[in-house]
Every structure is written in structure tokens, then in C-alpha cells.
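First up is the structure itself, then whatever we jot down about it.
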Amino acid sequence: MDPVIVVGAGPVGLSLALALARLGVPSVVLDETPGQEETRPARTAVLRPDTAAFVGRLGCADALESAGTRWTAWRIMRRRRLVERVAFAPRTPDDAAGPAPASPVHLPQHALTRALRAALAREKLAEVVTGSRLADLEQDEHGISAHTRGPNGTWWRGSYLIGCDGPRSTVRKLLDIRFPGRTAVERHAVAALRCELPWPGEALLHRSPPRQGGGPGSEVSARPLADGLWRLDWLLPPGRELVTPDALVARIRDSLAGWSGTSPAEPGTGSTGTGPDGEGNRWHGPGRLVPPYELLDTGVHTVHHRLARRWRQGRAFLAGDAAHLLGALGAQGLDEGLRDAENLAWKLGLAWHHGASELLLDSYQAERRGAVAARLRTADQALPLLRDGRSVRWRTVLPGAARGRSTLLTDGHLGRGPLGAPPVYARTPLAPPAGAADGPLVETVPGAPVVDVAVTASDGSVVRLHDRLGQGLLVVLVAPGTTVWDRRHWQSAGLMPRLTSAVAALPMSAELLVTESYPGAAAHTVLLVRPDGHLVTALAGVRPEEMTACAEAVRGGAHGRGAGAARRAGSEGAPVRPAGAGGPVGLGTSGAVGAAPELGRSDSSDAPDSPDASGASGASDGAERGGAGEGTTGADGATDAGGATGARGAAEGRNGGAEGGGTNGSAGTAGAPSPVDPVGTSMLHSESD
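1 is the number of the first residue of the sequence shown in the numbering used here; add one for each residue after it.
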């Protein structure tokens, strides 16, 4: 089997390649950049507990702890009043989860990308090829061919290809997949600085701060980073006004002065200028004390909301910013991109080793596109309420909602509720057949992420359930009293012999674990958990036939395409760089591949900013290019900051939202809509869509 081709070396592309390597699947990552990550303190990522755990399993746990920070609390203020404070549980991996939620991990995106690159460099089954810009691709029933330009330009042959190449995705354009949505939903001025604030280790969202006019649309957040750094974000008013360096510095000083409290005016003066006090601080006008700070980086972050029409076309897939753009109201686009990678990796692992049904491969789009579409719909409904609450009633926008604006914003920032919680794949095509599951025997509903409880592995070690994800199906027996079992004989006690035999007979690789308890589960409950941590079902006792039916459903009912695929995979080495550029060669295979013809695209279409005229509709890609205002570099895209330093970053953020002339730039039809396509909602308001 040929390796998997990953286009784009941002966090999503690198994570996908690492996850595939853990499954024994070779891959090559085509990186159009030189491979050097720009150090941008203002461009940071906030990883929720599930995505942080995924990155940690890929070999980056140490980097998360050293370069990132876990907040001790989240506080939200309105004017001068504390509205809500959410305390996070201390990190205790060996203990049971407490009642307090786990903290997100906040770290610079360049630190995350470097850690992923370092982990990938240690993998024998993966290779990153820098200076490789995708130009063309063609696929057939046996594989897919990609042509790159640049210093390493050549043809590459792969079994599958995943476009993780950001909002201006070349893969998406070559596949003629449209990318409708909304441009410049929100804009934020961003600054990274070193200072001391009154709540060390706690993140803050301040709505209507008095020193910035106290209007309903004013909002500033402060999130701590490692080494005494903070990232500050200011919500900008609608429009395309340029944020000058002077205006940004004024916002910084206003915010810091407001949070540090008021002090008497300098004695004997009425000046509004600045001057040092006896402590080394600086006054900013009468009664306004600005603490010392060091400004490290600034920028403008423009949020776009877009959703690709299709995420799979034959052997080609889209993931990350190439498939979706979101991020308003505190949501994190990188979280969804990492969930794309985790969802797709284990499915491609099954397909590469054993063959896969169309149902299994199609389930990636059905699950992930459906989850992101629901997230975008929720944000689109909440935006008028939160940003212009005087003109819209709560019950009109969110029928039955009884929660306040502050709570809804907190949900987005902390990864709770419909704006940020991990998705539930309730309508997955991989659901067990009727009669193969007992129903809601536990608090976790089928399709939802499982709780990270302590489990006992077959060697007697006690680990966390989430630490065992990513390899195969997990079968978890709930057996109270596990901690007092004799480890030398526990596998032969009670239900274990029968359960061990049932697990060994499953149609896909599985690991048997035992837990002392699980929320809502009675003794002898058996949980089946997918490789990405979502519950398949819960069964009352050991029931081999039902377990087999559920496992068969998880693998999409695949019966394998060729019994020799796995055997061939064992004899093939790691992917190698093709020798020469005279013609296409197989990557990691022994046989040559026939020349893949070009796709009839002109050279000008290779530039991300050029119009794409190859589609049948003849529509321009103005709507697609409108989603590129984040200051990305062609990898997976910015997560929550972008642009360039100072005034240049402000101008780029302004111009990025203006590219393409809005969201009505596309025309024509795209065929029958997907069942998860939110056509008709106000989010995707391109009329022809």
C-alpha cells in the first residue's frame, strides 16, 4: 500500500501524520514552507482537555507542560462587578476526576507546531518534505497522485490524501469544492505582553469595561501564558477601520490601568500626561496607574465562518481550516481541526491495513461536518443576542434559553455547551444495529465522549482511560473492588475469562480494561469505546454476539479489500523521498506508477490568491479568499491570532476580510446538499447555495 499524503504542515497536518504513524500507517507531509516556525507570542492556541489529551498522546505532553499554562480559574466581569468565577481542578492524573472542570491549556502556536515537528522527526513511518507546493492531483480506484513544485517538485503517489493546507486550501480548489460562509464575523486587536496582573494564573473576560466607554459592544480578555506573559484581546467594532499602533497602545494602557485600580492624582499637577511615581510605575492621567509592562507582539485577528460543501471526494479529504473556519464568541478553530485529525486517523488506519467500506470513509464527513455545522449554527444564532442584545429578544434567538450572556460567552471560551463542548455523534452511520445495544445504562449517551476514569490494564498497571485511546477499540468492564484484586490472578476471576475470549474474537483490534466505577454504571456493565474516545454502547454483562455486532458497525461493516494488504504493509519500509523529478514514482512501494496527467489548470491558478476558473459554474473564489484574513501561512491556519506586528498586522486583518468581495461571490449549484448541510440558515447566506 502507498503511504498517506498530508498536504500542509500546521498543527492539524502534523497531528494527523503522527496519529497515523502510531497506527503503523506511513505518511508524507508536503510542506510548502521552509519548515521554520515564526515566533509569534500573540498567536496562541487554547486546547480543551480532550484535544490537549490527544496532542499529549502523540508525544507532546512535555511540551504542553513546559510551554503552556493551565489556568487556575476563569473570571468574567461586567463593568466593575465580578459576574462569575469558574475554578479549575488541580492537575492530578493519578486521582479520580473531581467536581471542578479541567483547565484548558494555553500556549503559543509556534511552540505547539515545533513540538509536533520534533515528535514527527522521531517517527520512522513519516517524513516532512519542505518546499513542496501542491500544483495538481489526480486519483483513481487504486490511489491518488499529487504533483508538487519547488525545490522538491515531483509526483507523489499515495493511498489517500488529506488537505490540511489552511483557509486558502489548494486541495479544496483542485477538488472544486466550494467554501461558502460569512466574512469578518468578528475582529479582535491582539497583544502579547509581559506584566503582573491582580489575578495571577487566572483568565479574565471583561465586558463593558468602564475605562473603554462601558458600551455593550466593548470587551477585553486577558489569558495568562507561561513565563509571566499574557495575551490580551479587544473586540473591535464592526467595520474595517485601521487599528494604529497608537490606538492599540492606548487600549493596553486603559485596560491595565482599569485592572490595577485607581490611585490619587499626582500631587500638585493636573496634567494628563505620564510620569513615574516613586515605585517605578507610570501614571496615565489623573488617578490612573499603569503598571510596568513589556509589549512583545501585536496583531489583528479576523474571524470568518465558513464550511466546505464536501469533506471527502474519493480518496481525498479536507481537515482543519481547509474544511471550516470558526472562532467567534471564544470558540477555537484549532480544537475542531485536531478533532478532525483524531476522527480521520483511526478510520484511515483501518482502511490502510484491512480495507474499508465506503460507509466508514463517509462517516468522517457525516460526523465531523455535522458537528462543526451545528457549532456554526449556534454561534450564528447567538451573535445577534450577544453583540446587539438591545434589538433582539432572548427567546427569539434562542428559544427556551434561560442563561445569561455572560454564561454563554463563558461556554465558548471554556469549551462548554453547544458553543464549545466536544461533539456528540448521535446520528453517526457507525451506530450499532438495532437490538445490539441495551440503551442508556450509563450517564454517557452513545456517541458522546467517555469520562476519563482510572482503569486497570492487562499488565496490572493503573492508567487513565484517555491515555489508552487511539489504537483500537476499548472494552471496559465496570467491576467494583478492582483495587483489592490479586493482580497475579485477576484475569482468571469472575467474568474475565469469558470477556477476554469475546474481546479476542472481535473483528477489529481491541484492548480490555477494567474500572472500579463509571458514572451511572452498575457492576458488570461493559463499555465499548471507539479509538477517538466516543462511546459506542454500554451492555449489561458479557454478550459476545452483541459486542461483535457493535465492533462490526464501528468499522463500517468493512470486509476488507484484499487479504494481502496488511501482509504487504508489514514488509514495506518507511516512506522515502522520490529520486529525481523526471516522472512519478511510488512512495514506499516497490513498483513504479504510471505518469499522472495534469488537470488542465493554468499556472496562474497555482497562486492561492488567483481566481479559480476551473469549476463548472465558472464562479470566482472570492468567497473562499475572504476567509484568509487570519495572517496564515498556508499550513493549517491561525487558531486565534494572526496578522503581523503593529500597524501592518492591523492592515492585514482589515484587508483579509475584504478580499473576494463578501460571501455572495460564488454562483451555480453544487448538487444535492448533504444531510448535515445547514442550507437555509442565516450562517451560509450565499443566495445560490
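Glycine residues also receive a C-beta, built at the ideal position from the N, C-alpha and C atoms.
Measuring alpha carbon to alpha carbon, tell me which residue in the options is nearest residue i.
i, options, result
"Arg427", "Val463, His534, Arg122", "His534"
"Val424", "Val478, Arg368, Leu383", "Arg368"
"Gly314", "Leu348, Leu256, Trp234, Val303", "Leu348"
"Leu528", "Gly557, Thr444, Ala146", "Thr444"
"Asp380", "Ser218, Arg78, Gly327", "Gly327"
"Thr33", "Ala53, Pro41, Val7", "Val7"
"Leu289", "Gln36, Asp136, Leu197, Ser218", "Leu197"
"Pro544", "Val514, Ala504, Asp136", "Ala504"
"Ser363", "Met547, Asp340, Leu236", "Asp340"
"Leu506", "Ala551, His466, Ser517", "Ala551"
"Leu465", "Pro446, Ser517, Pro497, Ser509", "Ser517"
"Trp234", "Pro422, His110, Asn152, Val220", "Val220"
"Ser260", "Cys60, Cys195, Asp335", "Cys195"
"Ala421", "Lys173, Gly35, Ala61, Ala102", "Ala102"
"Ala226", "Gln471, Val451, Leu473, Leu64", "Leu64"
"Val128", "Asn152, Pro108, Pro167, Asp136", "Asn152"
"Val190", "Val462, Thr39, Thr44", "Thr44"
"Pro53", "Gly435, Glu84, Pro449, Ala126", "A quick correction: the sequence has Ala, not Pro, at residue 53. The candidate whose alpha carbon is nearest that of Ala53 is Pro449."
"Asp165", "Ala61, Arg253, Ala319, Ala203", "Ala319"
Return the CA-CA distance between residue i and residue j, expressed in angstroms with no decimal places.
i, j, result
"Asp2", "Val25", "9 angstroms"
"His324", "Gly412", "17 angstroms"
"Gln692", "Ser66", "As displayed, the chain neither begins before 1 nor continues past 689, which places residue 692 out of reach and without an answer."
"Val554", "Ala222", "42 angstroms"
"Val171", "Val12", "15 angstroms"
"Gly330", "Gly481", "42 angstroms"
"Gly583", "Thr154", "For Gly583, the predicted model reports a pLDDT of 34, less than 50, meaning its position is unreliable; a value from the coordinates is still stated below. Rounded to whole angstroms, Gly583 to Thr154 spans 7 angstroms at the Cα level."
"Ala119", "Gly417", "33 angstroms"
"Thr410", "Glu141", "47 angstroms"
"Ala437", "Thr537", "6 angstroms"
"His301", "Pro238", "13 angstroms"
"Leu512", "Pro90", "29 angstroms"
"Met547", "Ser458", "19 angstroms"
"Ser406", "Gly181", "26 angstroms"
"Pro384", "Thr378", "11 angstroms"
"Pro519", "Leu495", "21 angstroms"
"Glu37", "Pro531", "31 angstroms"
"Val28", "Arg157", "10 angstroms"
"Gly404", "Arg78", "12 angstroms"
"Pro597", "Pro446", "Bear in mind that a pLDDT of 29 at Pro597, under 50, signals an unreliable position, so the model cannot answer this."
"Leu14", "Arg80", "43 angstroms"
"Gly629", "Ser218", "Residue placement at Gly629 cannot be trusted, given a pLDDT of 36 that sits under 50; what the coordinates show is reported in the next sentence. One C-alpha to the other measures close to 22 angstroms."
"Thr525", "Arg498", "14 angstroms"
"Pro224", "Ala192", "10 angstroms"
"Arg207", "Gly299", "21 angstroms"
"Ile177", "Arg312", "10 angstroms"
Taking residue i and residue j to be in contact with their CB atoms under 8 angstroms, please state how far apart those CB atoms are, rounded to whole angstroms.
i, j, result
"Leu344", "Phe317", "6 angstroms"
"Leu419", "Thr51", "That pair is no contact at about 15 angstroms."
"Arg57", "Leu469", "7 angstroms"
"Trp346", "Val4", "Not really, about 13 angstroms apart at Cβ, beyond 8 angstroms."
"Ser163", "Ala322", "Going by the sequence as given, residue 163 is Gly instead of Ser. About 5 angstroms; that satisfies the 8 angstroms criterion."
Tell me the residue span of the alpha helix (DSSP H) that contains residue i.
i, result
"Ala52", "49-55"
"Gly330", "From DSSP, Gly330 is part of no alpha helix (DSSP H); its letter is neither H nor E."
"Trp259", "245-259"
"Ser221", "Segment 219-224 is the beta strand (DSSP E) holding Ser221; no alpha helix (DSSP H) there."
"Tyr518", "That residue, Tyr518, is in no alpha helix (DSSP H); it is neither H nor E in DSSP."
"Glu127", "Unbroken run through Glu127 is the beta strand (DSSP E), 126-129; no alpha helix (DSSP H)."
Thinking C-beta only, is residue j closer than 8 angstroms to residue i?
i, j, result
"His106", "Thr72", "no"
"Leu430", "Ala521", "no"
"Val478", "Ala549", "no"
"Leu16", "Ser132", "no"
"Val453", "Thr515", "yes"
"Thr113", "Gly10", "yes"
"Arg231", "Ala540", "no"
"Glu342", "Ala115", "no"
"Gln471", "Val46", "no"
"Leu256", "Pro291", "yes"
"Ser159", "Gly143", "yes"
By the DSSP assignment, the beta strand (DSSP E) with residue i in it spans what residues?
i, result
"Thr548", "Where Thr548 is concerned, there is no enclosing beta strand (DSSP E), although the alpha helix (DSSP H) it sits in stretches over 544-554."
"Leu474", "473-478"
"Glu84", "81-87"
"Gln139", "133-139"
"Asp380", "Segment 370-387 is the alpha helix (DSSP H) holding Asp380; no beta strand (DSSP E) there."
"Arg157", "155-158"
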